[in-house]
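Novice: As they're listed, the protein sequences go chains Z and F.
Residue numbers for the first sequence follow the numbering used here, beginning at 1 and rising by one.
Residue numbers for the second sequence follow the numbering used here, beginning at 1001 and rising by one.
Would you mind keeping the following structure in view while I ask a few things?
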Amino acid sequence: MAETTYREAVRAAIDDAMSSDERVFLMGEDVGHYGGCYAVSMGLLEKFGEQRIIDTPLSESTFTGAGIGAALNGMRPIVEIMTVNFSLLALDQIMNNAATLLHMSGGQFNVPLVIRMATGGGKQLGAQHSHSLEGWFAHIPGLKILTPATVQDAYDMVGLALKDPNPVLVFENALLYNDKGELDTSAKPLPIGKAKIEKEGKDVTILTYGISLFKSLEAAQTLAEEGINAEVIDLRSLRPLDDETIMASIAKTHRVVIVDEGWKSGSLSAEIMARINEQAFYELDAPMARVCTAEVPLPYAKHLEDAALPQADKIVETVKKMVGVS
Amino acid sequence: MNLTIEKAKEFYSKMLLIRRFEEKCVELYSAQKIRGFLHLYIGEEAVAVGLADALSEDDAILATYREHGHALVRGISAKSVMAELYGKVDGCSRGRGGSMHLFDAKSRFYGGSAIVGGGLPLAVGMALADKMQNRKRVTVAIFGDGAVAEGEFHESLNLAALWELPILFVCENNQYAMGTALRYTESQTDIYKKAESYNIHAKQIDGMDVVKVAKAATRAVEDIKETSKPVFLECLTYRFRAHSMFDAELYREKAEVKEWKEKGPLVVFEERLKDAGLWSDLDLKAIEADIQNVIDEAVEFAENSELEPIEDLEKFVYSEVSNG
């Protein structure tokens, strides 16, 4: 076990995968000579050379499509898209090719591709660099959507994604890159599709993922001081979703708050609520609630951005209202 | 190219197979046996046949939604294509693809793509993988003139040239992007010149003459294998029928269609063979009968093939098997 940053954990996962499998390569904007715009790939060019750490032009659609083509033809590409907003330029390739080829070809062509990208707000980057669109991608059958929150998951999920025969999208919240935590590279990873109970509790379930996990844990701490014992679950994987863990927790706590950095309308949180309604309605003692990003393009000004994003105090307030304390 | 009687027979038979297969498709579409979008290739047969002649089994093809011809000459059986058009489980995509999404791993046929320009980035990646694994094979990207307006066309040409990838770009310039003539959508209607601007060796050729296409494609494939650099062929051609079965074809004059039909691939080839003194050696009746037979058997096969059980609907969304 060693203390490491989230950034170093992602880098270590790429490094390990490239060292053990010659088919793995990394491709994206600024990943090589610059060292990665979030410095994730720093040093990898020196180690693996230009043939395997490939700088691309600003052509998101084509280098993502090239990743699909290389995956079809025997390689294990990792495509890095600088930020989720730019992935929209590659949405055609992700949706119309990566997600559909296996099915359209009657099972003949699978796409073992990993696409990594930074997501999330909180850095005053304005409305074209700050959104959390992973919930959109989670709508698409044929894709797997991972959202590592912890240093351990940052390492494990890249490795798991590369072993998966399907297109897997890994969303790394940009604010997490400097986070430190214990990393055990020899630990058996929790599989894709499994949620993790980060804090046990009995009064309310808080379902969350990505950076909101830490805001939720902070909220749970505050709530504990007021005698409310919240269970906090890191969903980890948005597609597939771990219905089993979600419903089991609700059967225990009978209350649920979903914390999702996406916008409320048509969001992942909406999907989770619908599933709970379908599968665990009679377990509920209170209407479900959620804390999402305000329905605005994220503003630049810090006080406005903070107000738009889910925060620990909003989670506390929502839970207290639900249990009838406030 | 020395046109032997064997080669002449092969070219003629393959072009006629595409022609007759698609004429049958029209009939079956009207009889509602085939549904969905149906984009016919009639008039463009020389491109597919000439191109196929230049390729080896190791090479890969990525085509568009007007790909019956390419699939048939690549060796996907008429039975398997017809069953696909019927939506049957014996179709080359198990009935999940239809006319626009023919796939076949055995013959390295990677679609069948119905997003204009969408297959080009895949070709870049396929060729990149070959280059990285030191394999001497060619990826062929076939697209229409409409694709030239897409950003992915330019991104893909740039990357192919920059990374020196073994790709043969084949633009089937049939003069119309759906119903809009090229002159209304492109500032430069000589498409090969766009490729030249990316430092790609590019040629414009007569796409109505199967021998010319075969010659140019063979030369291109040799160049690619030797240099590992992309080559671009713009094949000037024409579709004799509408864009799809839903197209009322109000955008072009009948006289223009007639003029192109007069230089149709079968007509041009007939003249060539007459000049070479081979036409009379071609047993037309036997060829026609053979093709009729192939098509009859394909239809019978498709009619009798099973539908995929509905319980299997959700199969092939996720793969459980790693491909190596």
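We put the beta carbon where it would ideally sit given N, CA and C, even for glycine.
Given the structure is predicted, the values throughout are model-derived calculations rather than measurements.
Could you compute how far the alpha carbon of Z/E3 sits from the alpha carbon of Z/I145?
Specialist: Cα to Cα, Z/E3 sits roughly 26 Å from Z/I145.
Novice: Should F/A1129 be flagged as near chain Z, meaning a C-beta pair shorter than 8 Å?
Specialist: Cβ-Cβ to chain Z under 8 Å: yes for F/A1129.
Novice: Measure from the C-beta of F/K1099 to each C-beta in chain Z and report whether the shortest distance is under 8 Å.
Specialist: Before going on, a small fix: residue 1099 of chain F reads as Ser here, not Lys. By this cut-off, F/S1099 is not an interface position.
Novice: Check the Cβ-Cβ distances between F/Y1110 and every residue of chain Z, and say whether any is below 8 Å.
Specialist: It does: the Cβ of F/Y1110 has a partner Cβ on chain Z nearer than 8 Å.
Novice: Kindly list the residues whose CB is nearer than 7 Å to the CB of F/G1324, restricted to its own chain and excluding five residues on each side of it in sequence; keep chain order.
Specialist: For F/G1324, the pLDDT reaches just 49, beneath the cut-off of 50, and the residue's location in the model is therefore unreliable, although a value from the coordinates is still provided. Nothing listed; no residue qualifies.
Novice: Note down, in chain order, every chain F residue with its Cβ under 9 Å from the Cβ of Z/I197.
Specialist: Those do not exist, as Z/I197 stays about 26 Å from chain F at its closest Cβ, beyond 9 Å.
Novice: Applying the criterion that 16 or more other CB atoms from any shown protein chain within 10 Å of the CB defines a buried residue, is Z/K215 buried or exposed?
Specialist: Label assigned to Z/K215: buried.
Novice: For Z/T150 versus Z/S132, is the C-beta spacing smaller than 8 Å?
Specialist: The answer is no: Cβ separation not under 8 Å.
Novice: Going by Cα to Cα distance, which pick from Z/E134, Z/A70, Z/E317 is closest to Z/E226?
Specialist: Answer by Cα proximity: Z/E317.
Novice: Give me the Cα-Cα distance between F/V1213 and F/Y1065, rounded to the nearest whole angstrom.
Specialist: Each residue's Cα considered, the two are about 21 Å apart.
Novice: How many angstroms separate the CA atom of F/D1053 from the CA atom of F/A1298?
Specialist: Straight-line Cα distance between these residues: approximately 23 Å.
Novice: Given this structure, state the Cα-to-Cα distance separating Z/P148 from Z/E172, to the nearest angstrom.
Specialist: Their backbone Cα atoms lie some 6 Å apart in a straight line.
Novice: Taking Cβ positions only, does Z/D92 come closer than 8 Å to chain F?
Specialist: True, the Cβ-Cβ gap to chain F drops below 8 Å.
Novice: Please check if any C-beta of chain F sits within less than 8 Å of the C-beta of Z/N85.
Specialist: Z/N85 does not count as touching chain F.
Novice: Work out the CA separation of Z/M247 and Z/Q279 for me, nearest whole Å.
Specialist: Taking the straight line joining both Cα atoms gives about 7 Å.
Novice: Measuring only the C-alpha atoms, how far is Z/I211 from Z/L175?
Specialist: Z/I211 and Z/L175: Cα-Cα distance of roughly 7 Å.
Novice: Please classify F/E1067: does DSSP put it in a helix, a strand, or coil?
Specialist: Here F/E1067 sits in coil by DSSP.
Novice: Based on the DSSP output, what are the partners of Z/L45 in its beta bridges?
Specialist: None; Z/L45 has no bridge partner.
Novice: In the DSSP output, what is F/A1201 paired with across the bridge?
Specialist: According to the sequence shown, residue 1201 of chain F is His rather than Ala. Its beta-bridge partners are F/V1231.
Novice: Compile a chain-ordered list of the residues in the stretch 1111 to 1124 of chain F whose CB is closer than 7 Å to at least one CB of chain Z.
Specialist: Of all residues in the stretch 1111 to 1124 of chain F, I1115, G1118, P1121, L1122, A1123, V1124 have a Cβ within less than 7 Å of some Cβ in chain Z.
Novice: Does any C-beta atom of chain F lie closer than 8 Å to the C-beta of Z/P141?
Specialist: Interface residue, yes.
Novice: Quick one: which chain Z residues come within Cβ less than 9 Å of F/E1152?
Specialist: What F/E1152 touches in chain Z: S59, S61, T62, G65, D92, Q93.
Novice: According to DSSP, which residues form a beta bridge with Z/Q2?
Specialist: Reading off the sequence shown, one finds Ala at residue 2 of chain Z, where the question assumed Gln. DSSP, once it has assigned bridges, lists Z/L183 as partnering Z/A2.
Novice: Between the C-alpha atoms of F/L1117 and F/G1097, what's the straight-line distance to the nearest angstrom?
Specialist: According to the sequence as given, residue 1117 of chain F is Gly; it is not Leu. Their backbone Cα atoms lie some 18 Å apart in a straight line.
Novice: Just mark F/F1316 as buried or exposed, buried being the case when its beta carbon has 16 or more other beta carbons within 10 Å.
Specialist: By the neighbour-count rule (16 or more Cβ atoms within 10 Å), F/F1316 is buried.
Novice: Does the beta carbon of Z/N166 sit closer than 8 Å to a beta carbon anywhere in chain F?
Specialist: Yes, Z/N166 lies at the interface with chain F (some Cβ there is under 8 Å from its Cβ).
Novice: Within 10 Å of its beta-carbon, does F/L1313 have 16 or more other beta-carbons around it, so buried, or fewer, so exposed?
Specialist: Flag for F/L1313 reads exposed.
Novice: Does the count of Cβ pairs from the stretch 287 to 299 of chain Z and the stretch 230 to 248 of chain Z closer than 8 Å reach three?
Specialist: Not touching, per the Cβ criterion.
Novice: Is F/G1324 close to chain Z, meaning its C-beta is less than 8 Å from at least one C-beta of that chain?
Specialist: Caution is warranted here: a pLDDT of 49 is assigned to F/G1324, below 50, making its placement in the model unreliable, and the coordinate value is therefore given only provisionally. Taking Cβ atoms only, chain Z reaches closer than 8 Å to F/G1324, which makes this a yes.
Novice: Within 8 Å of any Cβ in chain A, is that where the Cβ of Z/G32 sits?
Specialist: Included in the structure are the protein chains Z and F, with no chain A among them.
Novice: Pick from Z/D21, Z/M82, Z/D242: whose alpha carbon is nearest that of Z/M75?
Specialist: Z/M75 has its Cα closest to that of Z/D21, out of Z/D21, Z/M82, Z/D242.
Novice: With which residues is Z/W263 paired in a DSSP beta bridge?
Specialist: DSSP output for Z/W263 lists Z/T293 as bridge partner(s).
Novice: Between F/S1228, F/F1169, F/K1203, F/D1296, which lies nearest to F/A1129 when the distance is taken from Cα to Cα?
Specialist: Nearest of F/S1228, F/F1169, F/K1203, F/D1296 to F/A1129, Cα basis: F/S1228.
Novice: Does the Cβ-Cβ distance between F/I1061 and F/F1011 come in under 8 Å?
Specialist: Their beta carbons are not under 8 Å apart, which means F/I1061 does not touch F/F1011 by this criterion.
Novice: Specify the secondary structure class of F/A1078 as computed by DSSP and reduced to three states.
Specialist: Correct three-state label for F/A1078: helix.
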